[in-house]
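K.L.:
Under UniProt numbering, the residue at position 49 of the sequence shown is numbered 49, and the numbers go up by one with no gaps. Using N, Cα and C, we set each Cβ at its ideal position, and we do this for glycine too.
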Amino acid sequence: MSDSRQRLWTLTAASRHAGGSTIERHHHEDHQLVYVSAGVLAVETSAGSWVASKDRAVWLPAGVWHAHRFYGSSMFHAIGFARERPPLPATAPMIVAVTPFLRELLIAAADPELSAAETGRVRAVLRDQLRRSSQQPLSLPTPRDPRLADACALASADPARSIPLAELARQVGASERSLSRLFRDELGMSYPQWRTHLRLLEAMILLSGGASVTRTASQCGWKTTSSFIDTFRHALGQTPGEYRARTR
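#1: For I163, report the span of its beta strand (DSSP E) as first-last.
#2: How would you label F101, buried or exposed, when you count the other beta carbons within 10 angstroms and need 16 or more for buried?
#3: Let's test the definition: count the other Cβ atoms within 10 Å of the Cβ of G72 and tell me whether it reaches 16, buried, or not, exposed.
#4: Curious, which full-length alpha helix (DSSP H) runs of at least 4 residues does the UniProt domain "HTH araC/xylS-type" (149-246) contain?
#5: In whole angstroms, give me the CA-to-CA distance for L60 and E242.
#6: T45 by DSSP, collapsed to three states: which one?
#7: Can you grab the Cα-Cα spacing for the pair P93 / V58, in whole Å?
#8: From what residue to what residue does the beta strand (DSSP E) around L60 run?
#9: Would DSSP call A110 helix, strand or coil?
#10: Quick one, which of V64, P164, E202 has its alpha-carbon nearest S190's?
#11: Am I right that A109 and T224 are in contact with their C-beta atoms under 8 Å? What's the rounded C-beta distance?
#12: Please state whether DSSP places V51 in a helix, a strand or coil.
#13: For the region 111-120 against the region 153-171, do three or more pairs of beta-carbon atoms, one drawn from each stretch, fall closer than 8 Å, so that the two count as touching?
#14: Specify, as a first and last residue, the run of the beta strand (DSSP E) that T22 falls within.
#15: Please report the residue range of the alpha helix (DSSP H) in which A67 lies.
#16: With a threshold of 8 Å, are at least 3 pairs of Cβ atoms found where one atom belongs to the region 124-133 and the other to the region 168-187?
#17: State buried or exposed for R184, treating a residue as buried only when at least 16 other CB atoms are found within 10 Å of its CB.
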């Protein structure tokens, strides 16, 4: 067996994980696509935070350091791809929309019971589907500037609290104008947009754990359940209730 084939087999696996379990920070020589057919997976990388669920997988290019945390009883599927032949851009992690067909391919490709010939055919179709898949931008980029990192940590500690940008700036020792510029320059979005992303990612975790839509809206800082539903549908293409039902 070639060294390349051995590496891919090591990166391709299916396993069950209890809610709250983790996989410590690590990286791979080759690319990997991670997915959960049950439960929710939070992926922390140097580029930011990502959430995988039944309709979202996370693409991890070779060399990217990452760690995993599982929410709810989870079925984890990981697929390795050779560094020389990435089916998706190898520049940065990204969220990949998972259609019902792609879901079945991901589960099959990680099945250890398949023969080498069957695996080869499944992977060929999987590559074609990945090239046609849509990439979803919802993530939480990691800040580099210490002032911005401190501001994000303060806001992340209590997503339900709407801390004004001026107050964050004062607490981290920056001007409001400077902090606003850092959000746009480093994270590519305004502070309100970043805070919405933070709340949406927290909402996905709560919903997957069985929290009601109303409770999730309140815990994540929306003033009304209807505004939460509208924001969630616009960002993820489905209502919170639909997402909750699918992930559970």
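P.N.:
Based on what the coordinates show:
#1: The residue you call residue 163 lines up with position 163 of the sequence shown. Taken as a continuous stretch (DSSP letters only), I163 belongs to no beta strand (DSSP E), as it is neither H nor E.
#2: Residue 101 sits at position 101 when you count from the first residue of the sequence shown. So F101 counts as exposed.
#3: For the purposes of this step, residue 72 is identified with residue 72 of the sequence shown, where counting begins at 1. Classification for G72: buried.
#4: 165-172, 176-187, 191-208, 213-219, 225-236
#5: Translated into positions along the sequence shown, residue 60 becomes position 60. Translated into positions along the sequence shown, residue 242 becomes position 242. Roughly 27 Å between the two C-alpha positions.
#6: Along the sequence shown, one-based indexing puts residue 45 at 45. In this structure, T45 counts as strand in the three-state DSSP scheme.
#7: By one-based count along the sequence shown, residue 93 stands at place 93. By one-based count along the sequence shown, residue 58 stands at place 58. Those two C-alpha atoms are separated by around 7 Å.
#8: Translated into positions along the sequence shown, residue 60 becomes position 60. L60 -> beta strand (DSSP E) spans 56-60.
#9: By one-based count along the sequence shown, residue 110 stands at place 110. Three-state DSSP puts A110 in coil, outside helix and strand.
#10: For the purposes of this step, residue 190 is taken as the residue at position 190 of the sequence shown. Ranking V64, P164, E202 by Cα distance to S190 puts P164 first.
#11: Translated into the one-based positions of the sequence shown, residue 109 becomes position 109. Translated into the one-based positions of the sequence shown, residue 224 becomes position 224. Not quite, the Cβ-Cβ distance comes to about 42 Å (not below 8 Å), so this is no contact.
#12: Along the sequence shown, one-based indexing puts residue 51 at 51. Correct three-state label for V51: strand.
#13: no
#14: Your numbering for residue 22 matches position 22 in the sequence shown. Start and end: 22-26.
#15: Start at 1 with the first residue of the sequence shown, and residue 67 comes out as number 67. No alpha helix (DSSP H) holds A67; the beta strand (DSSP E) holding it covers 66-81.
#16: no
#17: In the sequence shown, residue 184 corresponds to position 184, counting from 1. Classification of R184: exposed, given that the 10 Å Cβ count is below 16.
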